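Here the structure is laid out as structure tokens; the discussion comes afterwards.
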Amino acid sequence: MSACDGCLRRSWLVGSLSASIEQAISGLPAARSRELLGLTDEHLAEAVGGDDSAAFLHRARTRDAGRLRTAIQGARVWAACRHDPLYPASLRDLSDAPAILFGRGDPKHLERLGEPAVTVVGTRRPSSYGREIAFSLGWELGAAGVPVISGMANGVDSRAHEGALQARGFTVAVLGSGPDVPSPAGRARLHERIADDGLVLSELPPGTNPRRWTFPARNRIMAALGRMTVVVEGRARSGSLITSSMAEDLGRDVGAVPGRVGNPVAEGTNQLLADGAHVIRGGRDVLDALLGPGQRSCGAPVGESLEPELASALEAVDRGAATGDEVARASGLAAGAALSALVRLELAGLVICDGAGRYERSVAAAGSRGGPSG
Amino acid sequence: MLAMARTFSLIGIDAEPVFAEVDVARGLPSFAIVGLPDTAVRESRERVRAALVNSGFDFPMQRIITNLAPADLPKVGPGFDLAIAAGVLASSGQIPKPFLDTTAFAGELALDGTIRPVPGALAMAEAARRQGHARIAVARQDSGQAALVDGVDVVALDHVSKLPDLAAGSIEPLARSAISEAPAPAGPDLCDLKGQPALRRALEIVAAGGHSLLLVGPPGAGKTLAARRLPSIMPALTRSEALEVIRIAGAGTAGGSTKEGAGSRPFRAPHHTASGRALIGGGSPPRPGEVTRAHRGVLFLDELGEFRRDAIEALREPLEEGRVTLSRARRSIELPCRFTLVAASNPCPCGHGQGSGACECPPTAVARYEAKLSGALADRIDVFVGVAQPPADAMAGDGGEASAEVRPRVEAARKLQHERLGEARSNSDMTPGETRSLCPPDPAAEAALRDGHERLGLSGRGWDRVLRVARTIADLDSAERIDEAHISEALGLRRRSLS
């Protein structure tokens, strides 16, 4: 695993022009940064460097590659350039493939990106339903041995990573900052866990801070790495939809989780479904679409009878009762008995409860047993 | 000639004896007050002079010195007027002097001689009994409160011109006023809470065990409505508890009546901009804060997440100790504050809740909000309830049980706690040691608790809390042992993380 001098210089040119690129596309959709990343060094410097472009170019061309390598090592990061055999083949489908992938974690894991992988994306502010689906998708795919790729953002991305980690699966975070810079800043702990068990990747040199344009740019990497991109929840014009349309352009499969009609966070995903995306109800659907029906399984079905009180409470939850009040009303149980039944169902992993005391059928438990809880 | 009248200075919620010594001597006419008087006391001169003259007495055209002793005790407020007037009259020979030895006075004078009420009448009557005075003369508005005290005669005076009658013994003391044995609980009734059985159940558990409560739900879901109804299902106060409550309320306002709600459990809802000092008490001389005013009742903190961090932090010790100690340079006083804490919060800054899909709050804002909620008070809150808007058909339907139906169950559960823990204690103030030794769960319940510990991420402290709440649920059930249903219900009332 190595990086040649030319690729190193190119990466550092992009890194050092980061602020200028941000300026150049200010006022434009951030996705337009792709047009810049496809340019040659000369044209890129000219396009965003302004009067200093010649100086930028000169500095980039004369950078001491040895010092760059020292900087990479100093940041406890490795680099694999596009001439390296470990460089993921799937990225070569991109016209603007990154010169180098910088990464944290065991670089041997890069080989696993040759297997069919799934990219899970979605809104940073999911509903509790979205949070749970994201977690259980991550868990089921991780448990089934499928690499789970996401962007470590708050909300859906983080939940997908956490699910995969809990299932001891393989998960890859692609960042919009240097691989040593956890972004968002509050996810340092998750960043560490992913680097320990999976991979943290980025095209930006170590130490680069995230910018508005770097997120759509990393989305193209996520879209390329996954054989399928699944959107869990997304608003009508969101970054998740940018990723899924990039995936479609690359000829990858796109799936979406159906959401409640009228809920703004499900608008984007329901539109994808209307446009013909795969319907994703759980890990099972992803595996069938990815590997062919029934090729790989996840989890075992539920098959046990419940006490009458628990059964009537569960039935009430299935009919849409969420709070202790609603379950008591719908099931006809006394308030204390209803709450007690809900907790026993929670302990059995059949329902989950959010921070505001609202209960829902656990998605994993609806199709499989012994599934995730988190 | 020298005369001495007895009166009191209110410090916190207690009255300290003060002697008003009045000396009328020959010399240039003057009227001076010495002995750490504040402005209101110094102005007493003008009120006393005008009141006496306007009531037909002679105001001695001599050199009058009034000394308020002990000299190092700060004297605040207009409550010394009546004693000073009595001292002036006695030392100028207009009323007999010996009568001052057995009577204490507390009242403010109007310029026409009318006697106005003062704060702390009950505390002053208690102090008069402690000091061995035979009787205390107070304003008519204060007399009902003062007459609650045994062992001292209370005389209601309307006007300073009645002083000679009082000295002659022609004014009868009031009959002792009684607190009715089961005072109708003041405030709204539980029957207004419709279609929220889980919330009712939580209120009943909180009332039975004295636990603190956190209500989380969107605006308009009924959090405040529910909190206001908690005092109505709490056990009736005993006579001595009711006297404490009246004494605290009376220390804040003059002429506190014994009617309408006096002696029932207080409900205090300070606004979320309240400072730590407003909550805890303070000032010089120290005055009781919201925690003391909520003594034996409910302290309701609406929008807990909006309270100032230092204010919430300051609540920790009073919650734990049941009293606050206010130390000042001159003296330190101790105020009682055994209250039930009820807090309410939105699930996130915008109020919709993270899980609803309608929430527009950035994750960092939710995390900050959560951190504030879980900071200081989280480990003091036993019962957590999510509150949602009840459906329309429930709102239109009949109300549920009234407070009067719920209260006997609460009182029966409290009685079991008193037998187990001793008088005036409840499950919420069991120590961790008592929790483990007095709340043994049966084997199935213990298994459920272990399961909760592993699967639901219950902390060690959370474990004790669940046991305490389960004990209360078992008490409501009149059950000896805690069983699985009790434990699982208590687990359902544990605190959860919002994000």
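Top line first, the protein sequences correspond to chains H and Y.
Position one of the first sequence corresponds to residue 1 (this note's numbering), numbered consecutively onward.
Position one of the second sequence corresponds to residue 1001 (this note's numbering), numbered consecutively onward.
Cβ atoms here follow ideal geometry from the backbone N, Cα and C, with glycine treated the same way.
Nothing here was measured: the structure is a model prediction, and the numbers come from that model.
| Check | Outcome |
| --- | --- |
| By the 10 Å Cβ neighbour count, where 16 or more other Cβ atoms means buried, how is Gly-38 of chain H classified, buried or exposed? | exposed |
| Interface residues of chain H around Leu-1036 of chain Y at Cβ under 8 Å? | What Leu-1036 of chain Y touches in chain H: nothing, since even the nearest Cβ is about 55 Å away. |
| Answer yes or no: does any C-beta atom of chain H fall closer than 8 Å to that of Met-1395 of chain Y? | no |
| Rounding to the nearest angstrom, what Cα-Cα distance links Val-156 of chain H and Leu-137 of chain H in this structure? | 10 Å |
| Just to confirm the assignment: which complete alpha helix (DSSP H) runs, minimum length 4, are found wholly within the stretch 1090-1149 of chain Y? | 1121-1130 and 1140-1146 |
| Helix, strand or coil, according to DSSP, for Tyr-129 of chain H in the structure here? | helix |
| Taking the beta carbon of Ala-300 of chain H as the centre, do at least 16 other beta carbons fall within 10 Å, making it buried, or is it exposed? | Since pLDDT at Ala-300 of chain H reaches only 38, below the 50 mark, its modelled position is unreliable, and no value is offered. |
| Taking the alpha carbon of Val-146 of chain H as the reference point, which residue from H:Leu-350, H:His-58, H:Val-279 and H:Arg-227 has its own alpha carbon closest? | H:Arg-227 |
| Which residues of chain Y have a Cβ atom closer than 7 Å to the Cβ of Ala-328 of chain H, listed in chain order? | Pro-1197 and Ala-1198 |
| Give every residue of the same chain whose Cβ lies closer than 7 Å to the Cβ of Arg-1471 of chain Y, excluding the five residues on either side of it in the sequence, and list them in chain order. | Asn-1427, Cys-1439 and Ile-1482 |
| Listed in chain order, which residues of the stretch 1388-1418 of chain Y have Cβ atoms closer than 9 Å to some Cβ of chain H? | Ala-1388, Pro-1390, Pro-1391 and Ala-1394 |
| Cβ of Leu-347 of chain H less than 8 Å from any chain Y Cβ? | yes |
| Verify whether the separation of the beta carbon atoms of Arg-187 of chain H and Met-222 of chain H is less than 8 Å. | no |
| Given that Ile-1473 of chain Y touches chain H, what residues does it touch there, using C-beta distances under 8 Å? | Gly-336 |
| Can you give me the Cβ contacts of Arg-1293 of chain Y inside the same chain, cut-off strictly under 8 Å, excluding the 5 residues immediately before and after it? | Ile-1248, Ala-1249, Gly-1252, Pro-1266 and Arg-1268 |
| Determine the direct distance from the alpha carbon of Phe-215 of chain H to that of Asp-51 of chain H, and round the result to whole angstroms. | 27 Å |
| Taking all protein chains shown into account, do 16 or more other C-beta atoms lie within 10 angstroms of the C-beta of Met-1395 of chain Y, making it buried, or fewer, making it exposed? | exposed |
| Among the residues of its own chain, which have a CB less than 6 Å from the CB of Ile-149 of chain H, if the five just before and after it don't count? | Ala-117, Thr-119, Val-172, Met-222, Leu-225 and Gly-226 |
| Cβ atoms of Arg-1201 of chain Y and Gly-357 of chain H: under 8 Å apart, would you say? | no |
| Can a CB atom of chain H be found closer than 8 Å to the CB of Glu-1181 of chain Y? | Low confidence applies to Glu-1181 of chain Y: its pLDDT is 48, below 50, so where it sits in the model is not reliable, and the reading given next is rough at best. No, because no Cβ of chain H sits closer than 8 Å to the Cβ of Glu-1181 of chain Y. |
| Run the CB neighbour count on Val-1053 of chain Y, radius 10 Å, all protein chains shown included, and call it buried at 16 or more, exposed below. | exposed |
| Based on the DSSP secondary-structure assignment, which residues constitute the bridge partners of Arg-1323 of chain Y? | Y:Pro-1336 |
| When the Cα atoms are used, what is the spatial distance from Arg-159 of chain H to Ala-79 of chain H? | 27 Å |
| Whole alpha helix (DSSP H) runs in the stretch 1007-1061 of chain Y with 4 or more residues, listed along the chain? | 1039-1042 and 1044-1054 |
| Quick one: list the residues of chain A neighbouring Thr-323 of chain H, beta-carbon separation under 7 Å, in chain order. | No chain A is part of this structure, whose protein chains are labelled H and Y. |
| Please confirm if Val-1469 of chain Y has its CB atom under 8 Å from at least one CB of chain H. | no |
| Less than 8 Å separating the beta-carbons of Ala-1083 of chain Y and Arg-1006 of chain Y? | yes |
| Give a yes or no on whether 8 Å exceeds the smallest Cβ distance from Pro-1367 of chain Y to chain H. | Rather than Pro, the amino acid found at residue 1367 of chain Y in this sequence is Ala. Yes, contact with chain H. |
| Three-state secondary structure (DSSP) at Glu-1181 of chain Y? | For Glu-1181 of chain Y, the predicted model reports a pLDDT of 48, less than 50, meaning its position is unreliable; a value from the coordinates is still stated below. The answer is coil: DSSP assigns Glu-1181 of chain Y none of H, G, I, E or B. |
| Bridge partners for Asn-1067 of chain Y per DSSP, in chain order? | Y:Glu-1021 and Y:Val-1034 |
| Evaluate Glu-1181 of chain Y with the Cβ neighbour count: other Cβ atoms within 10 Å of its Cβ, from every protein chain shown; 16 or more gives buried, anything less gives exposed. | Caution applies to Glu-1181 of chain Y, whose pLDDT of 48 falls short of 50 and renders its modelled position unreliable; the value that the coordinates give is listed next. Exposed, since its Cβ has fewer than 16 Cβ neighbours within 10 Å. |
| Considering only the alpha carbon of each residue, which of Y:Ala-1413, Y:Ala-1424 and Y:Arg-1455 lies closest to Glu-1480 of chain Y? | Y:Ala-1413 |
| Establish whether the CB of Leu-1109 of chain Y and some CB of chain H are separated by less than 8 Å. | no |
| Using a Cβ cut-off of 8 Å (strictly closer), state whether Arg-361 of chain H contacts chain Y. | no |
| Is the beta carbon of Asp-354 of chain H sitting closer than 8 Å to the one on Ser-16 of chain H? | no |
| Quick check on the burial criterion: 16 or more other C-beta atoms within 10 angstroms. Buried or exposed for Asp-1153 of chain Y? | buried |
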